[in-house]
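Just so you know, my numbering puts 357 at position 357 of the sequence shown, and the rest follows in order with no gaps.
Structure first, then comments.
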Amino acid sequence: MAKMWAGRFQSEEKKEVNDFNSSISFDSRMYKEDITGSIAHATMLGAKGIISKEDSKLIVETLGEILSDIEEGKLEFDMEAEDIHMFVEAELTKRIGDVGKRLHTSRSRNDQVALDIRLYLRNVAGVTANKIKDLLKVLVKLAENNKKTIMPGYTHLQRAQPITLANHLLAYAFMLERDLGRFNDAVKRMNYSPLGSCALAGTTYDIDREMVAKQLQFDGIVRNSLDGVSDRDFCVELASASSILMMHLSRLSEEIIMWCSWEFKFIELDDAYSTGSSIMPQKKNPDICELIRGKTGRVYGDLITLLTMLKGLPLAYNKDMQEDKEAIFDALDTLNMCLDIINPMLDTMKVNSENMYKAAQRGFINATDLADYLVKKGMAFRSAYKISGSIVYYCISNNTVLEELSIDKYKEFSDLFDNDLYEYINLENCTFKRTSKGASSIDSVNEEISYLKKVIEG
Ligand code: ARG
């Protein structure tokens with residue numbers, strides 16, 4: 001196929017060069033944005049008298065037809081085309097001849113592609129934000145159902161202090177709340193129209209950039225023409241927000257994987273969200289979680305691709321920038337796929353609260369509370385800590401636990417110990433008397449939940 005830029009060239013482009021250069025295999029997904037952008041541009045050209053009103057009208061109508069033909073499957077992308085922009089323009093010219101050739105007046109593919117990606121990503125980021133909210137809903141629901149589910153809280157994966165499953169899961173909910181903020185922020189900064197930057201230097205035509213920006217629901221225009229075509233920081237920002245979110249999903253997945261193991265048996269995934277082994281009949285594997293954990297690296301890779309692609313580029317447009325799309329599309333496709341599957345997986349998993357409780361019972365998870373008991377009776381914390389440590393050591397050496405040690409024995413360590421001690425270090429009290437904000441008490445958890453519900457509604 002003869003190129004639109006063929007005028008300057010004496011011989012035809014080699015097929016391999018076209019294949020190497022072409023981006024239609026991955027940028028055709030922006031067909032709608034490309035056409036919508038062209039409609040706004042052609043409308044402005046007509047309004048400003050840069051092309052005639054009739055030509056503008058015909059172009060706009062025909063672009064509309066091309067859009068519906070693509071959506072109805074009547075028009076297929078030509079894989080020989082260099083990119084989606086060239087494809088649409090060629091199709092337009094095929095349909096309305098010379099009038100179609102007027103569309104690209106005072107425009108370049110450089111500002112066109114910068115516009116298309118922004119429009120496309122703005123939409124996908126909105127869809128992603130809603131999925132984050134859906135996941136927040138599931139986590140809040142699980143928390144509401146597990147306000148009383150006691151489990152061991154860990155540090156260094158060693159039993160540390162008792163918490164509730166509600167409090168544990170709400171930690172992830174707050175991470176997701178920040179992720180949501182990052183997506184919304186990225187969209188805010190991205191939502192400026194680069195169209196009218198043209199190739200890099202703007203134009204001598206009397207265009208109206210604000211009019212185009214308004215028609216496409218941007219908050220304004222990118223103020224500098226070189227910046228408009230040169231930067232892809234909005235892709236980096238979204239890939240970064242995606243990477244952080246994937247990191248959160250990966251940590252949650254890692255915990256689910258552990259909790260499914262026979263060693264923990266804290267939860268059981270629904271059969272529909274688990275997989276079997278081809279050889280070991282007993283296996284029920286948490287493949288979904290493992291894949292989310294695995295795909296996290298892939299999204300980080302996309303972020304690094306984008307950062308590296310940009311770091312040495314002189315202004316303005318360079319073809320390296322065509323590499324932005326596969327990376328950011330892959331990051332968002334992967335992320336959205338993970339969000340789609342983790343949501344129902346969590347929603348259907350069964351919580352084994354008995355096993356969680358059992359795991360919290362033995363293991364000296366109340367040793368801090370033992371020290372706090374002495375502190376409340378007047379002892380300095382560091383001294384109380386030391387005595388409690390010695391008691392734990394004594395229990396381990398004598399194969400017993402804090403709850404079962406006699407009061408006489410306790411008194412050998414400190415005469416501040418009394419019978420009210422047993423009540424004080426009982427698991428329920430250790431968990432639910434943690435009334436400080438953000439802790440596991442029912443009131444604290446309720447407060448967290450009502451805050452998150454507002455985020456979900458907002
Ligand atoms: N397919 C190109 C891209 O994705 C479109 C812009 C091409 N501009 C150019 N001057 N070659 O970046």
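Note that beta-carbon positions come from the ideal geometry of N, C-alpha and C, so glycine has one too.
Just so you know, these numbers come straight off a predicted model, no measurement behind them.
Of the candidates Arg-109, His-168, Pro-286, Leu-249, the residue whose Cα lies closest to the Cα of His-41 is Arg-109.
Thr-435 is classed as exposed because its beta carbon has fewer than 16 other beta carbons within 10 Å across all chains shown. The Cβ neighbour count for Ala-272, taken over all protein chains shown within 10 Å, is under 16; the residue is labelled exposed.
Taken through DSSP and simplified to helix, strand or coil, Ser-193 comes out as strand. For the ligand ARG, a non-hydrogen atom lies closer than 7 Å to the CB of Arg-109. Here Val-127 is exposed, its C-beta having fewer than 16 other C-beta atoms within 10 Å. Every alpha helix (DSSP H) of 4 residues or more that sits fully in the region 9-63 is shown, in chain order, as 15-21, 24-27, 31-47.
Note that the region 327-341 does not touch the region 383-393; fewer than 3 beta-carbon pairs, one per stretch, sit closer than 8 Å. When DSSP states are grouped into helix, strand and coil, Gln-215 belongs to the helix group. Asn-285 is bridged by DSSP to Thr-275. Nearest C-alpha to Thr-36 among Gly-7, Ser-68, Leu-157: Ser-68.
The region 66-85 and the region 17-30 touch, with three or more beta-carbon pairs separated by less than 8 Å.
The beta-carbon distance between Ile-39 and Val-99, rounded to whole angstroms, is 14 Å. This is too long to meet the 8 Å contact definition. Closest in alpha carbon position to Ile-267, among Glu-177, Ile-163, Met-345, is Met-345. Not one heavy atom of the ligand ARG sits closer than 7 Å to the Cβ of Val-138. Around the CB of Ala-367, 16 or more other CB atoms lie within 10 Å, so the residue is classed as buried.
For Ile-70, the CB contacts under 7 Å within the same chain, skipping 5 residues up- and downstream, are Tyr-31 in chain order.
At a cut-off of 3 residues, not a single continuous stretch assigned as beta strand (DSSP E) sits fully inside the region 127-152.
A heavy atom of the ligand ARG is found nearer than 7 Å to the CB of Val-113. One alpha carbon belongs to Thr-296, the other to Lys-133, and they sit about 20 Å apart. Annotated as proximal: Cys-289 and Ile-256, with beta-carbon spacing under 8 Å.
When the beta-carbon positions are compared, Ile-66 and Leu-103 stay at least 8 Å from each other. A straight-line Cα-Cα distance of about 16 Å links Ser-441 and Ala-360.
Distance from Val-140 to Ala-171 at the Cβ level is roughly 13 Å; contact not present, criterion being Cβ atoms closer than 8 Å. For Gln-361, the enclosing alpha helix (DSSP H) starts and ends at 353-361.
Around Lys-437, the same chain offers Ser-444, Glu-447 as residues with beta carbons nearer than 8 Å, after the five sequence neighbours per side are excluded.
Set against 7 Å, the gap from the CB of Asp-219 to the closest heavy atom of the ligand ARG is not smaller.
Bridge pairing for Lys-350: Glu-268 [DSSP]. With a cut-off of 7 Å, the C-beta of Lys-325 is classified as near the ligand ARG, since at least one heavy atom of the ligand falls inside that distance.
About 6 Å separates the CB atoms of Pro-152 and Ile-365; that is less than 8 Å, so the two are in contact. Residue range 158-164 is occupied by the beta strand (DSSP E) that includes Arg-159. Note on geometry: alpha-carbon atoms of Gly-301 and Glu-326 lie some 12 Å from one another.
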